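Protein chains: 2
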Amino acid sequence: MLVVDDVATNRLLLRAKLSSAYYDVVVAENGAQALQMARSEQPDMVMLDVLMPDMDGFEVCEALKAREETAHIPVIMVTALDTPEERIRGLDAGADDFLSKPFNDLALFARVRNLMRMKMMFDELRLRDMTSRELGIADFVGDIGADMDLDTCGPILLAPPSDAQGALWAEQLSARLAIPTIVTHSEREATNLARMELPDCFVVHQSLAEGGDGLRLVSALRSRPETRQSAVILVVENGDVHVAAKGLDLGASDYIESPFDISELIARIRSQLRRKRYSDRLRSNLRNGLKLAAIDPLTGIYNRRYASQHVLRVMERAHDTDGVFAVMMIDLDKFKSINDRFGHDAGDAVLKEFSRRLQENIRGVDLVARFGGEEFFVAMPDVDQTAAAAAAERIRRAIEGGSMPLPDGGAVEVTVSIGVAIATAADTDPEAIIKRADSALYRSKEAGRNRVSFAQAA
Amino acid sequence: MLVVDDVATNRLLLRAKLSSAYYDVVVAENGAQALQMARSEQPDMVMLDVLMPDMDGFEVCEALKAREETAHIPVIMVTALDTPEERIRGLDAGADDFLSKPFNDLALFARVRNLMRMKMMFDELRLRDMTSRELGIADFVGDIGADMDLDTCGPILLAPPSDAQGALWAEQLSARLAIPTIVTHSEREATNLARMELPDCFVVHQSLAEGGDGLRLVSALRSRPETRQSAVILVVENGDVHVAAKGLDLGASDYIESPFDISELIARIRSQLRRKRYSDRLRSNLRNGLKLAAIDPLTGIYNRRYASQHVLRVMERAHDTDGVFAVMMIDLDKFKSINDRFGHDAGDAVLKEFSRRLQENIRGVDLVARFGGEEFFVAMPDVDQTAAAAAAERIRRAIEGGSMPLPDGGAVEVTVSIGVAIATAADTDPEAIIKRADSALYRSKEAGRNRVSFAQAA
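Chain order of the listed sequences is E and H.
Start counting the first sequence at 4; every next residue gets the next number (my numbering).
Start counting the second sequence at 4; every next residue gets the next number (my numbering).
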């Protein structure tokens with residue numbers, strides 16, 4: 004934990020308090036030193052004094068959030084003044100929370116635990132993201148501080164203490180924020196709507212209408228997978244530190260004291276949405292990175308690795324239903340000569356156009372894959388010999404029927420040879436089925452290309 | 004949270020206690036119902052009574068841990084007896100902790116928070132793992148309960164209250180556990196050795212020799228990335244629930260009360276190591292899944308996607324140092340005829356053997372990639388025209404010089420054509436450099452194959 008304060012006694016005080024709770028503390032005396040130490044020490048959190056000579060706390064916070072190496076580190080701003088204006092300025096600078104001197108230990112440690120938990124999750128995601136970047140398979144996600152587009156956010160769900168308050172919140176928010184709001188009228192309604200509408204952000208008062216309990220709602224939102232990643236801002240009655248601390252321990256992302264300045268609520272919502280966007284992007288980058296391992300880079304269709312796995316699943320389902328399925332191996336005839344005559348770019352264009360046409364001529368449930376080179380593969384569940392023959396013939400004709408455009412404006416005639424195998428409940432090895440289709444393909448080639456051959460049954 | 008007890012009043016009591024702390028509670032009356040609800044409700048935690056008719060708590064725990072859908076859910080066993088024998092039996096069944104009636108709230112909630120935190124992390128990792136499995140790019144990781152091989156564990160680091168105790172722990176552990184132990188003699192020594200030895204597990208007493216503080220050591224271990232994932236078992240003096248609760252909140256994985264039965268410590272260590280192994284495997288599967296996106300499945304060398312990214316980095320470094328680097332495009336001559344004459348399996352074998360020989364004939368800092376088909380790529384940092392010519396010629400001869408073995412026992416003579424381009428500080432586009440090498444390759448082909456050509460400078 005990094006404590007930043009220009010006054011030595013303040014540093015000592017906070018350090019003693021945090022050390023007595025067993026946190027590892029390092030200190031910095033000014034902004035420049037803080038930035039340098041945040042980079043080198045990679046603390047789990049920064050406690051930042053607002054009033055400092057040279058660079059004030061807001062500037063230091065902005066600088067921390069603007070740099071990729073430090074943007075993920077939570078920042079708590081420590082202030083003597085504690086006005087809404089100051090809090091809004093801090094939130095806009097990317098601060099995660101505020102503490103006013105003298106410190107309330109309960110509030111301090113609940114917030115520290117909460118931010119630590121969040122940071123551990125981010126660290127886990129960031130680590131994978133760095134792997135993806137090193138491998139060249141992930142775009143740069145950007146930092147938390149960067150202004151992200153909030154227009155495409157899901158709705159904000161409001162759980163107010165009364166219908167009158169709810170109407171007021173909604174009116175004030177919609178006047179200043181281009182995100183739809185949903186006002187709920189009971190704890191039960193909030194729980195149900197949360198599941199249907201999947202809000203990106205919740206604003207939950209500690210006491211809900213009809214005797215509902217805001218803390219119970221926070222806990223329920225956190226225990227459900229659908230809302231676990233959403234932002235939850237708890238509204239606590241002025242000064243009720245116990246409720247705030249309990250809420251943070253239950254997983255609330257932030258809290259605000261009521262009565263509040265609407266600008267402060269908006270600043271907190273924006274700050275939480277930014278943070279959520281960032282983690283959403285880390286997660287989707289990771290998912291996309293993993294997907295790339297199943298995709299052929301040139302054509303964008305699945306690769307052999309994925310197709311083998313898929314055929315295994317199709318086979319298992321066929322066993323369960325006593326059904327049949329068909330697989331095809333398809334080879335572009337004399338493809339090598341296209342590369343030789345027109346160059347690799349032309350060859351690549353033909354492969355892309357071919358996979359496009361192939362996809363147009365199969366059903367949605369069928370799977371198309373590129374096995375490598377000019378060799379393609381199709382798996383067709385619930386398809387017997389007659390239907391497979393029709394599909395193969397349709398594909399053969401679709402390729403024969405129209406020449407392929409080349410990058411230089413020319414075109415080339417292409418044909419395909421196809422081998423088809425029908426798998427039955429007796430088949431147990433996906434590779435054996437693929438091999439049968441491959442042998443049939445070989446016979447199509449031998450017999451003069453541009454034709455469909457069928458494999459013998461297993 | 005799922006509460007399992009055959010006695011209605013017990014269920015009500017525990018439910019009320021957990022509900023008042025805002026946890027969502029569902030209940031089951033017997034083992035069969037518990038197993039079914041754990042699957043359908045996917046609770047964050049199971050509180051399991053030990054003494055039940057039909058199926059007792061141990062059996063239910065074992066059944067939960069043996070099934071993939073429920074193995075990751077933490078289990079707390081609730082018992083009236085609380086003997087070391089019972090705890091060891093529970094740990095062996097896969098339980099995460101024990102609570103004896105009547106409950107101490109502080110201990111209960113500290114443990115619940117701790118297990119919740121752990122589960123959230125597991126859920127995050129498991130979600131990615133499921134993606135990998137759907138894509139066919141991850142092996143099945145196995146469940147936590149499965150007996151994993153503990154022989155290859157890192158050492159266990161012991162931080163005892165005194166040298167005498169440390170010697171005793173080490174002696175007792177090494178008599179029963181085939182994992183090396185390291186005894187430390189002060190808090191500072193423990194902190195330093197943790198970084199150098201990277202233990203998989205720590206056993207830390209609350210009071211360390213020379214006035215050291217066990218809780219401070221726990222906190223320090225958790226704040227360092229190298230030890231964040233390690234198991235930490237805190238030893239607390241008999242009955243000191245406050246220290247235990249504080250330790251769990253600081254991130255200890257488990258605690259044991261002193262004086263302890265060595266069998267119980269061993270059971271706890273084994274349980275923690277199993278859990279760590281499981282998360283290590285989830286993490287490495289994820290890393291490997293991401294890596295697959297950069298690897299050519301047939302030859303195991305990098306693919307074009309990764310190579311492009313890599314050339315970008317090599318280029319940036321060359322700019323920084325005003326250096327040069329070389330890239331090669333390599334094509335197997337008349338590869339198509341190998342496929343046609345000997346079949347695809349033979350072609351694949353030749354491609355694999357070729358990439359093996361290629362790797363043997365380059366430096367460790369060079370990068371080899373398969374761009375697709377029979378087209379390969381090499382990037383060589385800090386290499387000028389003379390050195391590149393020598394390397395290319397070495398590769399050409401290595402292929403010409405020995406025939407490639409085929410799967411059927413035969414062999415085939417193969418030659419390669421190579422195009423080399425030298426990039427300088429003036430180059431800014433990696434694709435343009437690759438294209439120059441490709442044009443040079445084309446000239447090698449035109450000139451009769453089995454030769455090396457150089458591209459014009461940019």
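By construction, the Cβ of each residue, glycine as well, lies at the ideal position given by its N, Cα and C atoms.
As the structure is a prediction and not an experimental result, all values here were calculated from the model.
Asked, Found
"Where the beta strand (DSSP E) containing H:Val207 begins and where it ends", "204 to 208"
"Cut-off 6 Å between Cβ atoms - residues of its own chain near H:Ala321, not counting five sequence neighbours on either side", "Phe328"
"H:Ile236 vs H:Ser256 beta-carbon contact at 8 Å", "yes"
"Beta-carbon proximity list for H:Ile182, same chain, < 6 Å, skipping 5 on both sides", "Cys156, Ile159"
"Contacts of E:Arg116 in chain C (Cβ-Cβ under 9 Å)", "Structure shown: chain C not included; protein chains present are E and H."
"Contacts that H:Tyr25 makes with chain E (C-beta to C-beta distance below 8 Å)", "Asp216, Leu218, Arg219, Val221, Ser222, Lys249, Leu253"
"Where E:Met55 falls, given that 16 or more other Cβ within 10 Å makes a residue buried", "buried"
"Residue environment, H:Gln275, which counts as buried when at least 16 other CB atoms sit within 10 Å", "buried"
"Buried versus exposed, by CB contacts within 10 Å (16 or more), E:Met4", "buried"
"Touching by the beta-carbon criterion (3+ pairs, under 8 Å), the region 392 to 412 of chain E and the region 435 to 444 of chain E", "no"
"Under 9 Å from the C-beta of H:Met124: neighbouring residues of chain E", "Met123, Met124, Glu127"
"Nearest-angstrom Cα separation, counted from E:Ala428 out to E:Phe143", "Here E:Phe143 scores only 47 on pLDDT, less than 50, and its place in the model should not be relied on; the value that follows carries that caveat. Near 47 Å, if we compare the C-alpha coordinates of E:Ala428 and E:Phe143."
"Residue of E:Thr73, E:Asp8, E:Glu200, E:Arg179 minimising C-alpha distance to E:Val53", "E:Asp8"
"8 Å CB neighbourhood of H:Leu301 in its chain, flanking five on each side removed", "Asp351, Leu354, Lys355, Arg373"
"E:Pro384, buried or exposed, once every other Cβ within 10 Å from all chains shown has been counted against 16", "buried"
"Validate contact between the region 201 to 214 of chain E and the region 223 to 239 of chain E using beta carbons, cut 8 Å, 3 pairs", "yes"
"CB contact check: H:Arg191 to chain E, cutoff 8 Å", "no"
"Any 3 or more C-beta pairs closer than 8 Å across the region 21 to 31 of chain H and the region 39 to 52 of chain H", "yes"
"For E:Ile304 and H:Gly422, the rounded distance between their alpha carbons", "30 Å"
"Closer than 7 Å at the beta carbon, the chain H residues around E:Ser135", "Leu293"
"For H:Asn107, three-class secondary structure by DSSP", "coil"
"E:Ala149 - DSSP class collapsed to helix/strand/coil", "Any reading at E:Ala149 is ruled out, since the residue's pLDDT is 49, under 50, leaving its predicted position unreliable."
"Cβ-based burial, H:Glu72 [other Cβ within 10 Å; buried from 16]", "exposed"
"Complete runs of the beta strand (DSSP E) confined to the region 54 to 92 of chain E [at least 3 residues]", "78 to 82"
"Contact set for H:Ser358: own chain, Cβ-Cβ below 6 Å, skip 5 residues either direction", "Thr302, Ile304"
"Local conformation of E:Ile436 per DSSP, three classes", "helix"
"Chain-ordered neighbours of E:Arg290 on chain H, where CB pairs are closer than 7 Å", "Thr134"
"E:Val371 burial status per 10 Å Cβ neighbour count (16 or more: buried)", "buried"
"Under 8 Å from the C-beta of E:His347: neighbouring residues of chain H", "Glu378, Asp441"
"Close Cβ partners of E:Lys249 (< 8 Å) along its chain, the five nearest in sequence each way excluded", "Ala113, Leu218"
"Closer than 8 Å to chain E by CB, H:Asn306", "yes"
"Interface positions of the region 264 to 281 of chain H facing chain E (Cβ-Cβ less than 9 Å), listed along the chain", "none"
"Within chain H, partners of E:Asp47 - CB distance below 8 Å", "Ser226"
"Nearest neighbour of E:Pro1, chosen from E:Val455, E:Arg290, E:Val381, E:Ser420 [CA to CA]", "Only positions 4 to 461 of chain E appear in the structure, and residue 1 of chain E is not among them; the question remains open."
"Beta carbon proximity, H:Arg399 to chain E, threshold 8 Å", "no"
"Listed by chain order, chain E residues near H:Arg42 by CB distance under 8 Å", "Here the premise fails: no neighbours, minimum Cβ distance about 15 Å."
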